[in-house]
Amino acid sequence: MKHYIKLYAVLIAKDFRRFATYRTNIFAGITSALFMLAARYALWVTLFATGNAGDVTLAETMTFFVVGDVVMILTGGAGFTGTSLSEVIGADNMSGDIALKLSRPCSYHFQLVAGKHAGAIIQTLSHSLPIFIVAVIFIGILPPSGAEAFVWFVVAAILGGVILTLIDLILAYSVFWLTDFWYIAWYKRALFMLFGGTFLPLWFYPDSLRAAADVLPFRFAMFVPMEVYLGRLYGREIFVALGSAIFWIVVLFAVERLIWRRVQFKLVVQGG
Amino acid sequence: MHYVRVFLQIVKYLFKARLEYPGAWVGGIIAQWFSYGIFMVMVMLTVWNFGTLAGWTPEEVLFLFAMYLLAYALGASFTFNLTREFRNMAINGTMDEAFCRPMPPFLYLVATTFNIGYVSHITLSGAAMIFSITRLEISWGAGQWLWLFVTLLSGGMITACLMLLCEFPALRLRSHSPLAMFFWQGREFLQYPLTIYPRPLQFIFTAILPFSFVGFYPVQVLLGKQDGIFPHVTMWLAPAVALILAGATALVWRFVSRGYESAGT
Numbered sequence: 003m004k005h006y007i008k009l010y011a012v013l014i015a016k017d018f019r020r021f022a023t024y025r026t027n028i029f030a031g032i033t034s035a036l037f038m039l040a041a042r043y044a045l046w047v048t049l050f051a052t053g054n055a056g057d058v059t060l061a062e063t064m065t066f067f068v069v070g071d072v073v074m075i076l077t078g079g080a081g082f083t084g085t086s087l088s089e090v091i092g093a094d095n096m097s098g099d100i101a102l103k104l105s106r107p108c109s110y111h112f113q114l115v116a117g118k119h120a121g122a123i124i125q126t127l128s129h130s131l132p133i134f135i136v137a138v139i140f141i142g143i144l145p146p147s148g149a150e151a152f153v154w155f156v157v158a159a160i161l162g163g164v165i166l167t168l169i170d171l172i173l174a175y176s177v178f179w180l181t182d183f184w185y186i187a188w189y190k191r192a193l194f195m196l197f198g199g200t201f202l203p204l205w206f207y208p209d210s211l212r213a214a215a216d217v218l219p220f221r222f223a224m225f226v227p228m229e230v231y232l233g234r235l236y237g238r239e240i241f242v243a244l245g246s247a248i249f250w251i252v253v254l255f256a257v258e259r260l261i262w263r264r265v266q267f268k269l270v271v272q273g274g
Numbered sequence: 003m004h005y006v007r008v009f010l011q012i013v014k015y016l017f018k019a020r021l022e023y024p025g026a027w028v029g030g031i032i033a034q035w036f037s038y039g040i041f042m043v044m045v046m047l048t049v050w051n052f053g054t055l056a057g058w059t060p061e062e063v064l065f066l067f068a069m070y071l072l073a074y075a076l077g078a079s080f081t082f083n084l085t086r087e088f089r090n091m092a093i094n095g096t097m098d099e100a101f102c103r104p105m106p107p108f109l110y111l112v113a114t115t116f117n118i119g120y121v122s123h124i125t126l127s128g129a130a131m132i133f134s135i136t137r138l139e140i141s142w143g144a145g146q147w148l149w150l151f152v153t154l155l156s157g158g159m160i161t162a163c164l165m166l167l168c169e170f171p172a173l174r175l176r177s178h179s180p181l182a183m184f185f186w187q188g189r190e191f192l193q194y195p196l197t198i199y200p201r202p203l204q205f206i207f208t209a210i211l212p213f214s215f216v217g218f219y220p221v222q223v224l225l226g227k228q229d230g231i232f233p234h235v236t237m238w239l240a241p242a243v244a245l246i247l248a249g250a251t252a253l254v255w256r257f258v259s260r261g262y263e264s265a266g267t
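Those protein sequence lines, which keep their order, are chains A and B. Mapping the first sequence onto our numbering, position 222 (from 1) lands on 224, and the numbers just tick up by one. Mapping the second sequence onto our numbering, position 75 (from 1) lands on 77, and the numbers just tick up by one.
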């Protein structure tokens, strides 16, 4: 166990050093993050000015996006602004590096997760943290609805991160059956946008689309943790949501293992 | 005319090469339909929830977005792959090739890096445009249809020129262009009516980074809108802005290509 923790730290430090070498990346990341925040804030201020928001406030909505962004990046690896696992696995498969990585004395998935977490730290520093600080100072972000809510929020966020990673992995395995892979990440982003509430909180969805989103696992990555944070889910509802998240983790893990078993017979190293 | 024929011939071969892997090509197109299609639905749904966005109905916002996406696709078809290559061109010497061909080097580079993948954006945004025009029950005369055609071309040209101007430094620096983010992040602001942004941003996206001439101002003419902080005449300036930017891009290209030194083999 100690050996794995050390290895994990080494892999993260290596990826972090590689990123930090290109300082313009950090500057570009921070600037583009602030651009995105400005565009999003202007959009929502204008929408709320119509007075048709129902029981939702502007502060709740901005908190949803700003804290939700931190959640998705910290728990789900690089999240939506960074690299998807399909791009990592696809590049490994195409270059033949996967053969080398599979023969290392730690599992391929361990290396993937360590890389994803390195991306999470980098993305947090260069993207979500600047947004969070600027939003706290200039926009006003709501604190958690209570200490207990915050604890359950952390639990929901971790479970959501596991679900996000499993979905990312399952979609990424399609690279072994395809000749190109750059577009797999587009499907992932679109699915989370439509069913996960990452573009528009599910509060604003029409009933039919909300019903579809409620029976799928995508909402656990950001929407459910943020509902707990804001106190829109409380008491028994939190346990029902967390129970559903655990159910989805079991289902997605079984699917992931099944496909990975098939992948091992499908794998053909093309390069190297 | 001769160069146009050569250009089309090169693009034909690119198309043939791409079709060697039809599954990968179609997979990419479907992914972009799916992704952009869902984005459009989400934008419509967002505005629909609140009734309007700065006085623009959901169908009007969709029309604006379709205009932006179509103009982007028209411009980026010519420049996206080219600008991706800028930082490597001097390193591996691929630009040497352009200077050895019996046609203008810039035209050769644009032809050989033409991106046929934007057919997905063009078909999707065309469909969205038809849908929004139908829903808005618009009955335009010949003048408005001509204006739509002209401003789509000028929007494509503005997009292509801004992309090139922001990416040209990569050719000299042989690394990422520090200006690139102004193009890639700036265009995000185009997706919604300019009037949702504070006045300083409206000024920037009109006078400094004129992205608003791709969609917002031309669409104002077509939908009969007169919002914004600039005089009404501004909404007619898109073709002129495109020509000015094309001239500026040609000048900068001349400067950049004159100082080109290959480090490649």
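Think of the CB as a built atom: it goes at the ideal place given N, C-alpha and C, for glycine as much as any other residue.
Quick one, which of the options has its alpha-carbon nearest residue i's?
{"i": "Leu76 of chain B", "options": "B:Gln193, B:Ser156 and B:Leu64", "result": "B:Ser156"}
{"i": "Leu111 of chain B", "options": "B:Phe82, B:His123, B:Ile132 and B:Thr136", "result": "B:Phe82"}
{"i": "Arg137 of chain B", "options": "B:Pro60, B:Tyr120 and B:Arg174", "result": "B:Pro60"}
{"i": "Tyr6 of chain A", "options": "A:Pro107, A:Val257 and A:Ala256", "result": "A:Pro107"}
{"i": "Leu173 of chain A", "options": "A:Thr52, A:Thr65, A:Leu87 and A:Leu211", "result": "A:Leu87"}
{"i": "Ile231 of chain B", "options": "B:Leu71, B:Leu225, B:Met97 and B:Ile206", "result": "B:Ile206"}
{"i": "Phe41 of chain B", "options": "A:Phe249, A:Arg191 and A:Leu102", "result": "A:Arg191"}
{"i": "Met159 of chain B", "options": "B:Ser134, B:Tyr194 and B:Tyr74", "result": "B:Tyr74"}
{"i": "Gly30 of chain B", "options": "A:Pro227, A:Phe152 and A:Tyr189", "result": "A:Tyr189"}
{"i": "Val253 of chain A", "options": "A:Leu218, A:Val136 and A:Met3", "result": "A:Leu218"}
{"i": "Val271 of chain A", "options": "A:Phe178, A:Ile135 and A:Leu49", "result": "A:Phe178"}
{"i": "Ile210 of chain B", "options": "B:Pro106, B:Lys227, B:Gly188 and B:Gln228", "result": "B:Gly188"}
Report buried or exposed for residue i, applying the criterion of at least 16 other Cβ atoms within 10 angstroms of its Cβ.
{"i": "Lys14 of chain B", "result": "exposed"}
{"i": "His4 of chain B", "result": "exposed"}
{"i": "Asn94 of chain B", "result": "exposed"}
{"i": "Val69 of chain A", "result": "buried"}
{"i": "Pro220 of chain B", "result": "buried"}
{"i": "Gln204 of chain B", "result": "buried"}
{"i": "Tyr185 of chain A", "result": "buried"}
{"i": "Ile2 of chain B", "result": "Because chain B in this structure spans residues 3 to 267, residue 2 of chain B falls outside the shown range and cannot be described."}
{"i": "His129 of chain A", "result": "buried"}
{"i": "Gln266 of chain A", "result": "exposed"}
{"i": "Arg7 of chain B", "result": "exposed"}
{"i": "Gly81 of chain A", "result": "A caution first: Gly81 of chain A carries a pLDDT of 46, below 50, which makes its placement in the model unreliable, though a value can still be read off. Buried."}
{"i": "Arg201 of chain B", "result": "exposed"}
{"i": "Leu161 of chain A", "result": "buried"}
{"i": "Val12 of chain A", "result": "exposed"}
{"i": "Cys102 of chain B", "result": "exposed"}
{"i": "Ala252 of chain B", "result": "exposed"}
Under 7 Å Cβ-Cβ, which residues of chain B neighbour residue i?
{"i": "Pro192 of chain A", "result": "Here the sequence assigns Ala to residue 192 of chain A, which means Pro is not the residue at that position. Within chain B, the residues near Ala192 of chain A are Phe36, Ser37 and Ile40."}
{"i": "Ala30 of chain A", "result": "Met183"}
{"i": "Tyr6 of chain A", "result": "Per Cβ cutoff of 7 Å: no residues; Tyr6 of chain A is ~35 Å from chain B at best."}
So which residues on chain A does residue i lean against when the C-beta distance must stay under 9 Å?
{"i": "Gly143 of chain B", "result": "Those within 9 Å of Gly143 of chain B in chain A number zero; the least Cβ separation is about 32 Å."}
{"i": "Leu55 of chain B", "result": "Leu45, Thr48, Leu49 and Thr52"}
{"i": "Leu239 of chain B", "result": "Ordered by position in chain A, no residue passes the 9 Å Cβ test against Leu239 of chain B, which lies about 23 Å from the chain."}
Please list the terminal residues of the continuous alpha helix (DSSP H) segment that includes residue i.
{"i": "Met97 of chain B", "result": "Thr96 to Phe101"}
{"i": "Tyr189 of chain A", "result": "Ile186 to Phe197"}
{"i": "Asn54 of chain A", "result": "It is not in any alpha helix (DSSP H) - Asn54 of chain A carries neither H nor E in the DSSP assignment."}
{"i": "Phe155 of chain A", "result": "Ala149 to Ala174"}
{"i": "Ala94 of chain A", "result": "The sequence given here has Asp at residue 94 of chain A, not Ala. Per DSSP, Asp94 of chain A belongs to the alpha helix (DSSP H) from Leu87 to Ser97."}
{"i": "Val136 of chain A", "result": "Leu131 to Val136"}
{"i": "Arg7 of chain B", "result": "His4 to Arg20"}
Which bits of chain B does residue i rub up against, with CB to CB less than 8 Å?
{"i": "Tyr189 of chain A", "result": "Ala33, Phe36 and Ser37"}
{"i": "Thr33 of chain A", "result": "Met183 and Gln187"}
{"i": "Tyr175 of chain A", "result": "What Tyr175 of chain A touches in chain B: nothing, since even the nearest Cβ is about 15 Å away."}
{"i": "Phe112 of chain A", "result": "Correct list: empty, because the minimum Cβ distance to chain B is about 29 Å."}
{"i": "Phe206 of chain A", "result": "Leu47, Thr48 and Asn51"}
So which residues on chain B does residue i lean against when the C-beta distance must stay under 9 Å?
{"i": "Asp182 of chain A", "result": "Tyr23, Gly25, Ala26, Trp27, Gly29 and Gly30"}
{"i": "Met38 of chain A", "result": "Gln187 and Glu190"}
{"i": "Ala55 of chain A", "result": "Asn51 and Phe52"}
For residue i, which residues in chain A fall below 7 Å Cβ to Cβ?
{"i": "Phe191 of chain B", "result": "Ala41"}
{"i": "Tyr199 of chain B", "result": "Ala44"}
{"i": "Tyr194 of chain B", "result": "Leu45"}
{"i": "Thr125 of chain B", "result": "The contacting residues do not exist; Thr125 of chain B stays about 16 Å from chain A at best."}
At 8 Å on the CB atoms, spell out the chain A contacts of residue i, in chain order.
{"i": "Met44 of chain B", "result": "Met195, Leu196, Phe201 and Leu202"}
Quick one: does residue i have its CB under 9 Å from some CB of chain C?
{"i": "Ile186 of chain A", "result": "Considering every chain present, this structure includes no chain C. Its protein chains are A and B."}
Checklist entry - Counting pairs of Cβ atoms below 8 Å between the segment 217-235 of chain A and the segment 182-201 of chain A, do you hit three or more? => result yes
Next on the checklist: Under 8 Å, with one C-beta from each stretch per pair, do the segment 140-154 of chain A and the segment 226-245 of chain A reach the 3-pair mark?
Outcome noted: yes
Checklist entry - Can you find at least 3 beta carbon pairs, one from the segment 110-121 of chain A and one from the segment 9-20 of chain A, that sit closer than 8 Å? => result yes
Checklist entry - Is the segment 247-254 of chain B in contact with the segment 148-167 of chain B, if contact means three or more CB pairs nearer than 8 Å? => result yes
Next on the checklist: Using 8 Å as the cut-off, can you tell me whether the segment 39-53 of chain B makes contact with the segment 142-150 of chain B, which would need three or more C-beta pairs spanning the two stretches below that distance?
Outcome noted: no
Next on the checklist: With three or more C-beta pairs closer than 8 Å as the rule, is the segment 97-113 of chain B touching the segment 50-69 of chain B?
Outcome noted: no
Next on the checklist: With three or more beta-carbon pairs closer than 8 Å as the criterion, would you say the segment 150-157 of chain A touches the segment 50-61 of chain A?
Outcome noted: no
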